[in-house]
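Below you'll find the structure, written out as structure tokens, and then a few comments.
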Amino acid sequence: MDPADPRPLTLGTAGHVDHGKTTLVRALTGTDTDRLPEEKQRGLSIDLGYALLELPSGRRLSLVDVPGHQRFVRTMVAGATGIDLFLITVAADDGVMPQTREHARVLAGLGIERGVAAITKADAAEPTRALAETAALMPGIDIVPVSARTGLGLGDLLAALDRVASGLPATCSAGEEARLHVDRSFTINGAGTVVTGTLWSGQVARGDNVALLPQGVSCRVRAVHLHGQEVQTAAAGQRVALNLVGVSRNDVSRGDVVASPATDMKDTRCLAAELEPGVEIESGDRVQVHHGTRESAARVRRLPTGGWQLRLERPLLAAAGDRLVVRRIAPPETLGGGVITDTEPEARGDARREERPQPAAPPPRPEPLSPRALELEQSLRQAGAEPPLDSELAHMQDELAALREAGRAVRVGPRLHFHADALASIEAQLTGHLAEHPSITLAELRDQLHTSRKFAQALLEHFNGAGLTRRLGDEHVLRRRHTERTAEKA
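Structure below.
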């Protein structure tokens, strides 16, 4: 793939059962994504469906259609993993329903902010109430009344999706490791084992050597398929099918990962994570954790650092910077999302530093930083608002971890670390601007920091996730709680 080409994108559906997701997908793409006999018989999506959507600009999106029934939320989360933008449906005759809200929480938890809402069945019911409820649930997104039966609004919907897609980062990096979370596996006579999923990062090409995890099996990619056509290479953001040599169908299941042989992903039973504001859990709670296309029950504990330890009952394949979703087990409900900060907290002692106050003892002194860590710290400090990508620092992961533990480096998104002082300075600039202006756009922050769109976007997503700001359409505003605290200090 030419680095100048628009990066491939995957669109995911969302919405309450019977709100017309699959029917709308068929009207837009000509593909019936209900492929199982039981789905045909019941008229109900049970598993993930896939299609190719062509936009008015000629751009093509991979499309993942997810089930809407409450019993299949876990399947919905697996399908939403790795998507770039969403199409959420709300029926004109029903309005916003429980699974509409839960799917919206899943999308927010996975950090998927850009998308379009379709008010379906607009030929059969007045859409005014559904429009108002959807705007209140997901402020700032385009909302288009449509009818899959008559074709009403389908052109407007495609145009809205085109606008959102064109507003996403325009290029992808070929230097990152390849990583695919498997959501299907099957055998083709004469070809062997095939796995499918959305390529999270990097590229994969015919003839590449890859690792199947957690098995640790080395495989070779015999063929790469995109929407039924064989290609030489696939890139991050595409729905891909890989024909693998060296592994049998019985050795692969949903939740496994195909990755570059040198991957740093860990098969772990203990994670540290920062959860988004408003996730209602307490130390000792047992919750369900969804990551990639796998899930596990977990016991959570608050850490002195302010994050959370998640002790998993089933190992997950994860890397620092990945998103996860936390759900209540009974009654089942999505609580919110977060970002994994460490896949080996026990090795660094976090699991033993739980919430057991010991006022008589001084806090442990951090280990002295190595010369290499100090050199890296100076590089991050000098880089300011344009630090190197984590992929460029793959040989210094231990030093990065040491800087994080010392409070001198802060992870921003899945691929960046900023020096703590640089991030504090950027935050001060941002809050200073928002004290004098009602909002800030990505372009305005980019220009203020004299940096590129890539870094400005990562920073805004970080501040949104940290609860400092929130997004309203293409603008970002201070959250009310922060505004109130600022006023109190004044």
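In the working numbering, the protein residues as written are -10 to 479.
All C-beta atoms, glycine included, are put in the ideal place defined by N, C-alpha and C.
- Shown here for residue 322: same chain residues with a beta carbon closer than 8 Å to its own, the five before and five after excluded, namely 91 and 316 in chain order.
- Annotated as proximal: residue -3 and residue 225, with beta-carbon spacing under 9 Å.
- Non-local C-beta neighbours of residue 310 in its own chain, meaning closer than 7 Å and more than five positions away in sequence, comprise 328, 329, 400, 402, 403 and 404, ordered along the chain.
- Counting the other CB atoms within 10 Å of its CB gives residue 178 a total below 16, which places it among the exposed residues.
- Contact between residue 280 and residue 251 is absent: CB atoms are separated by about 21 Å, not below the 8 Å threshold.
- With fewer than 16 other Cβ atoms from the protein chains shown falling within 10 Å of its own Cβ, residue 318 counts as exposed.
- The continuous alpha helix (DSSP H) containing residue 155 extends over residues 143 to 156.
- Non-local beta-carbon contacts of residue 243 in its own chain, meaning distances under 8 Å to residues more than five positions away in sequence, involve 67, 171, 172, 173, 174, 282 and 283 in chain order.
- Considering only 75, 303, 363 and 111, the residue with the shortest C-alpha distance to residue 138 is 111.
- Distances from the CA of residue 237 to each of 183, 131 and 259 were compared; the closest alpha carbon is that of 183.
- For residue 255, the enclosing beta strand (DSSP E) begins and ends at 255 to 264.
- The beta carbon of residue 383 is closer than 8 Å to those of 253 in its chain, skipping five residues each way along the sequence.
- Assigned with DSSP and collapsed to three states, residue 450 falls in helix.
- Taking C-beta separations shorter than 7 Å and ignoring five residues to either side along the sequence, the partners of residue 104 in its chain run 74, 75, 76, 77, 130 and 153, following chain order.
- Secondary structure at residue 173: strand, using DSSP grouped into helix, strand and coil.
- In the DSSP annotation of this structure, the continuous segment of the beta strand (DSSP E) that includes residue 40 starts and ends at 38 to 43.
- Residue range 10 to 18 is occupied by the alpha helix (DSSP H) that includes residue 13.
- Going by beta carbons, residue 369 and residue 376 fall inside the 9 Å limit.
- Closest in C-alpha terms to residue 10, from the list 55, 411, 429 and 48, comes 55.
- The Cβ atoms of residue 313 and residue 258 lie no closer than 9 Å to each other.
- Fewer than three Cβ pairs drawn from the segment 438 to 447 and the segment 385 to 396 lie within less than 8 Å of each other, which leaves the two stretches out of contact.
- Restricted to the segment 75 to 118, the alpha helix (DSSP H) segments that are unbroken, complete and at least 4 residues in length are 87 to 98, listed in chain order.
- Beta-bridge analysis with DSSP links residue 406 to 400.
- For residue 360, the uninterrupted alpha helix (DSSP H) run begins and ends at 360 to 372, by DSSP.
- Taken in chain order, the complete beta strand (DSSP E) segments of 3 residues or longer contained in the segment 307 to 337 are 312 to 317 and 322 to 331.
- Cβ contact annotation for residue 5 (same chain, cutoff 6 Å, sequence separation greater than five): 57, 86, 88 and 89, in chain order.
- Restricted to the segment 204 to 244, the beta strand (DSSP E) segments that are unbroken, complete and at least 3 residues in length are 206 to 215, 218 to 220, 222 to 224 and 228 to 234, listed in chain order.
- Annotation for residue 53: -1, 0, 1, 2, 37, 38, 39, 68, 69, 72, 187 and 228 place their beta carbon closer than 8 Å to its own, counting only its chain and skipping 5 residues before and after.
- Distance from the CA atom of residue 292 to the CA atom of residue 324, rounded to whole angstroms, is 19 Å.
- In the DSSP assignment, residue 52 falls within the beta strand (DSSP E) that extends over 49 to 54.
- In the three-state reduction of the DSSP assignment, residue 384 falls in the helix class, which pools H, G and I.
- One thing to note: residue 144 has its Cβ no nearer than 9 Å to the Cβ of residue 304.
- Boundaries of the alpha helix (DSSP H) harbouring residue 438: 431 to 438, taken from the DSSP string.
- Within the model, the alpha-carbon separation for residue 133 versus residue 100 is close to 23 Å.
- Rounded to the nearest whole angstrom, the CA to CA distance from residue 198 to residue 209 is 5 Å.
- Residue environment analysis places residue 271 among the exposed positions, since fewer than 16 neighbouring C-beta atoms fall within 10 angstroms of its C-beta.
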